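Beneath this line is the structure, given in structure tokens, with notes to follow.
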Amino acid sequence: MVTQTPRIFAQQFPTAGIDTNLFTVTAGHNAQLTVFVANHSTSEDSISVALVPEGTANTTPPNYIAYQTRILGNGCIAFAGLFLDDGDQVRVNSQGGASSFVATGVDIIP
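In short: position in the sequence shown from 1, add 5, done, that's my numbering.
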């Protein structure tokens, strides 16, 4: 029997310019999720979001679903319809250190 549990997976307010692991899918699980980004500053920020396969040490260009994407001051953006397998990661970056990231969705135990 498949178990599906809605939940908030992770919340991060990363240090400026530092690639940060937002969420890693638990072993034996899958996840369907949305990543929300909110800019807490009145100034523009640039954000990056990458979906990284299990076992990948470094983030590479094919991993990015958004790369140095500008987000308006006090703006928000969402990336929906993301499906990840066990061990996969969501890595994020806020160039100005002004944006927070939230991953929410459904935890699936096949």
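Cβ coordinates follow ideal geometry from the N, Cα and C atoms, glycine included.
Source: prediction; values computed, not measured.
Quick check on residue i: does DSSP put it in helix, strand or coil?
i: N68; result: helix
i: F106; result: strand
i: N79; result: coil
i: N63; result: coil
My guess is that residue i and residue j are in contact by the Cβ rule of under 8 Å, so how many angstroms apart are they, rounded?
i: V30; j: D93; result: 5 Å
i: Q9; j: V111; result: 5 Å
With C-beta atoms as the reference, is residue i less than 8 Å away from residue j?
i: D24; j: Q100; result: no
Taking only beta-carbon positions, decide if residue i is within less than 8 Å of chain B.
i: H34; result: Absent from the structure is chain B; it holds one protein chain and no more.
Going by beta carbon distance, what residues of the same chain come within less than 6 Å of residue i, once the five residues before and after it are set aside?
i: R12; result: D112
i: L89; result: V30, A36
Any heavy atom of the ligand GDP within a distance shorter than 7 Å of the CB on residue i?
i: A103; result: Because no ligand of any kind appears in the structure shown, any question about the ligand GDP cannot be addressed here.
With respect to the beta strand (DSSP E) encompassing residue i, which residues constitute its N-terminal and C-terminal limits?
i: S51; result: 50-57
i: T31; result: Here T31 belongs to no beta strand (DSSP E), and DSSP marks it neither H nor E.
i: Q100; result: Counting along the chain, Q100 falls outside any beta strand (DSSP E), and DSSP gives it neither H nor E.
Using a Cβ-Cβ cut-off of 8 Å (strictly less than) and excluding sequence neighbours within five positions of residue i, which residues of its own chain qualify?
i: T47; result: G78, N79
Leaving out the 5 sequence neighbours to the left and right, which residues in its chain are closer than 7 Å to residue i when beta-carbon positions are compared?
i: F18; result: S105
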